[in-house]
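The listed protein sequences correspond, in order, to chains B and R.
Numbering follows my numbering, in which position 235 of the first sequence is assigned residue number 235; successive positions increment by one, without gaps.
So my numbering is basically just the index in the second sequence, starting at one, shifted up by 270.
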Amino acid sequence: MSLKTEIAGRLSAIGLVVALSLSACATPMTNDPDARAELAAINDPWEPFNRAMFEFNRALDRVLLKPVAQAYRGVVPDFGREMVKNFLDNLRSPVILANDILQGETDRAGETGSRFLANTTVGLGGVFDVTDIEFHNEDFGQTLAVWGFGEGPYLVLPLLGPSPVRDTVGLVGDTLMDPVMWYANRTDRYAISWVRYGMRAIDTRSRNIETLDEIERGAIDFYATVRSLYRQRRADEILNGHPPQSVPMPEISWDEDEQVEENQVSAVAK
Amino acid sequence: MYARRLLPIASILALSALLFALPSTAETLSPRQFIESLGEETIGAITNADVSEEDRLTEFARLFRKGFDVDTISRFVLGRYWRRATDEQKVEYQSLFADFIVTTYANRFRQYSGEKLLVDGERPASKRDTIVSSEIKPPDGPAVRVDWRVRKTGDDHKIIDVIVEGVSMAITQRDEFASVIRRGGGGVETLIAELRNKSSADE
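Take a look at the structure:
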């Protein structure tokens with residue numbers, strides 16, 4: 001895949017989003033304010049399309065990714081898989097560093113930078129983690145969120161999974177700021193990108209086999225569960241795991257009386 | 271002479287002894303201590319090799335109902351549909367939900383493999399609720415950040431939500447249930463039917 005086709009691929013994903021948003025006018029309208037608020041919070045106007053993509057990804061996972069991930073975990077010893085993960089994490093570091101900086105997180109940028117320098121040199125190209133600095137991830141979707149962009153409608157991409165509009169734009173941004181991708185494309189070594197994305201997928205999947213099985217087993221509506229999990233995880237990642245302590249969780253109301261009051265207020269407001 | 275003077279003092283002493291004695295009989299634990307002791311008790315119960323698998327599950331269910339306010343959780347996760355449900359639906363839903371959540375958590379705890387619960391703080395979340403923060407550390411691999419939302423009712427502490435790496439179990443459940451109900455046409459009956467299926471499939 002050349003750079004052009006890669007970008008074209010990402011752009012066509014965005015084209016898809018635009019096409020879908022034109023059809024979004026068909027969203028069912030309701031007069032019940034509670035139901036309207038619920039639909040607005042879910043923000044999934046392309047749900048039928050998304051559910052189809054979700055099932056497609058699930059089928060692909062069942063026949064390909066999960067068996068490969070299981071075999072990978074069964075055959076490759078712990079330290080080997082640890083080295084693969086270290087290498088992949090390190091390879092991503094320039095993108096993480098760029099996003100740390102774009103978010104104004106100087107301390108975290110310092111961590112990413114020193115980690116990258118030490119592991120690339122002493123850690124033999126990143127295969128060993130020779131630092132005691134904890135790895136953290138960042139991406140351009142999170143940067144956009146920090147800059148104040150909303151999540152946009154929920155979207156499930158083929159192969160890539162849940163990726164609301166903001167995070168899809170973020171994926172394109174991350175690809176464009178990734179020196180490894182530029183190197184691979186400039187030198188016609190496209191296999192680098194394929195192997196890398198493949199390994200990332202297998203590595204991530206191999207660490208989540210039991211967890212995902214367990215979530216699927218307990219779920220009545222697996223799609224809705226994953227949508228909720230994805231959003232909450234992203235919200236937490238955007239805040240780097242430090243929710244503002246003084247502000248109560250806005251959408252949670254554990255008190256029945258409070259809830260009734262809230263509804264009355266919003267009814268009056270309308 | 272002295273006796274008369276001492277009488278009020280004695281009665282104050284007696285009264286204060288009574289006052290101090292009252293809470294200590296029931297509950298003097300802080301939310302944090304509550305989580306710590308419940309955690310120890312639960313890990314003790316599920317690692318107890320002397321009893322059968324069935325007894326372990328029964329003991330887990332007992333501890334779960336002791337530690338979690340299943341009633342409040344069941345109402346929260348039904349969200350706005352709670353008020354729409356008839357009394358009969360509420361009763362059946364709550365009983366099905368209790369089994370459902372115990373099974374879900376029992377399956378999760380079945381995977382227990384030597385993780386340690388390290389409680390590292392608490393902060394108020396609302397008038398009645400406290401968030402107890404902790405880490406669950408597996409023997410190998412990175413620690414998982416887990417917050418426990420603990421509600422005080424009278425002298426009792428009960429967990430009403432578990433938040434794992436920023437993901438609230440209650441909110442996830444509520445979002446899922448809302449989707450099931452909406453896709454089923456807006457009636458609580460759809461969800462009750464699904465929960466019935468789930469509980470017969472688990473047996």
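We put the beta carbon where it would ideally sit given N, CA and C, even for glycine.
| Asked | Found |
| --- | --- |
| Validate contact between the segment 299-308 of chain R and the segment 381-389 of chain R using beta carbons, cut 8 angstroms, 3 pairs | yes |
| Close-in-space but distant-in-sequence residues of the same chain around B:Lys270 (CB under 7 angstroms, 5 per side omitted) | With a pLDDT of only 38 at B:Lys270, under 50, the local geometry of the prediction cannot be trusted, and no value is derived from it. |
| Segments assigned beta strand (DSSP E), at least 3 residues, entirely inside the segment 357-435 of chain R | 386-394, 399-407, 414-423, 426-434 |
| Under 9 angstroms (Cβ pairs) to chain B, residues found in the segment 441-472 of chain R | Ile441, Thr442, Gln443, Arg444, Asp445, Glu446, Phe447, Ala448, Ser449, Val450, Arg452, Arg453, Gly456, Leu461, Glu464, Leu465, Asn467, Lys468 |
| Buried versus exposed call for R:Phe346 [16 or more other C-beta atoms within 10 Å across all chains shown] | buried |
| Contacts that R:Gln381 makes with chain B (C-beta to C-beta distance below 7 angstroms) | Glu210 |
| Neighbour-count burial assignment, B:Tyr197, 16 or more Cβ in a 10 Å radius | exposed |
| 7 angstroms Cβ cutoff, R:Gly424 in contact with chain B | no |
| Contact set for R:Arg513: own chain, Cβ-Cβ below 7 angstroms, skip 5 residues either direction | This structure cannot settle anything about residue 513 of chain R, because the visible part of chain R is limited to 271 through 473. |
| Bridge partner(s) assigned by DSSP for R:Val260 | The first residue shown for chain R is 271 and the last is 473, placing residue 260 of chain R beyond what the model contains. |
| Residues, ordered as in the chain, of the segment 99-110 of chain B that lie near chain R by beta-carbon distance below 8 angstroms | none |
| Chain B contact residues for R:Glu435, given Cβ-Cβ distances below 8 angstroms | Arg233, Asp236, Gly241 |
| Pick from R:Glu464, R:Pro408, R:Gly411, R:Ile430 that is closest to R:Ser344, judged by C-alpha positions | R:Ile430 |
| Given 8 angstroms, three or more beta-carbon pairs between the segment 167-176 of chain B and the segment 65-82 of chain B | no |
| Simplified DSSP assignment, three categories, for R:Pro293 | Only weak support exists for where R:Pro293 lies, its pLDDT of 47 falling under 50; the value from the coordinates is given anyway. Three-state DSSP puts R:Pro293 in a helix. |
| Cutoff 6 angstroms; reference B:Arg51; Cβ partners in own chain excluding five residues on either side | Tyr223 |
| Segments assigned beta strand (DSSP E), at least 3 residues, entirely inside the segment 170-202 of chain B | none |
| B:Gly148 classed as buried or exposed, judged by whether at least 16 other C-beta atoms fall within 10 angstroms | exposed |
| heavy atom of the ligand GTP below 6 angstroms from R:Pro412 C-beta | Looking for the ligand GTP in the displayed structure turns up nothing, as the structure carries no ligands at all. |
| Cβ-based contacts, 8 angstroms cut-off: residues of the segment 194-228 of chain B near chain R | Glu210, Glu214, Arg217, Gly218, Ala219, Ile220, Asp221, Tyr223, Ala224, Thr225, Arg227, Ser228 |
| Beta-carbon spacing of B:Gln142, B:Ile238 below 7 angstroms | yes |
| Contact set between R:Arg378 and chain B, taken where Cβ atoms lie within less than 7 angstroms | Glu214 |
| CA nearest to the CA of R:Asp301, picked from R:Phe334, R:Lys428, R:Arg335, R:Lys336 | The sequence as given places Pro at residue 301 of chain R; Asp does not occur at that position. The residue with the shortest Cα to Cα distance from R:Pro301 is R:Lys428. |
| Local Cβ density within 10 Å of B:Gln232, reported as buried at 16 or more and exposed below that | buried |
| Chain B contact residues for R:Thr374, given Cβ-Cβ distances below 9 angstroms | Glu214, Arg217, Gly218 |
| Buried or exposed by the 16-neighbour rule on C-beta atoms within 10 Å, applied to R:Ser322 | exposed |
| At least three beta-carbon pairs within less than 8 angstroms, the segment 371-382 of chain R to the segment 324-342 of chain R | yes |
| Residue interval of the alpha helix (DSSP H) (run including B:Thr211) | 209-218 |
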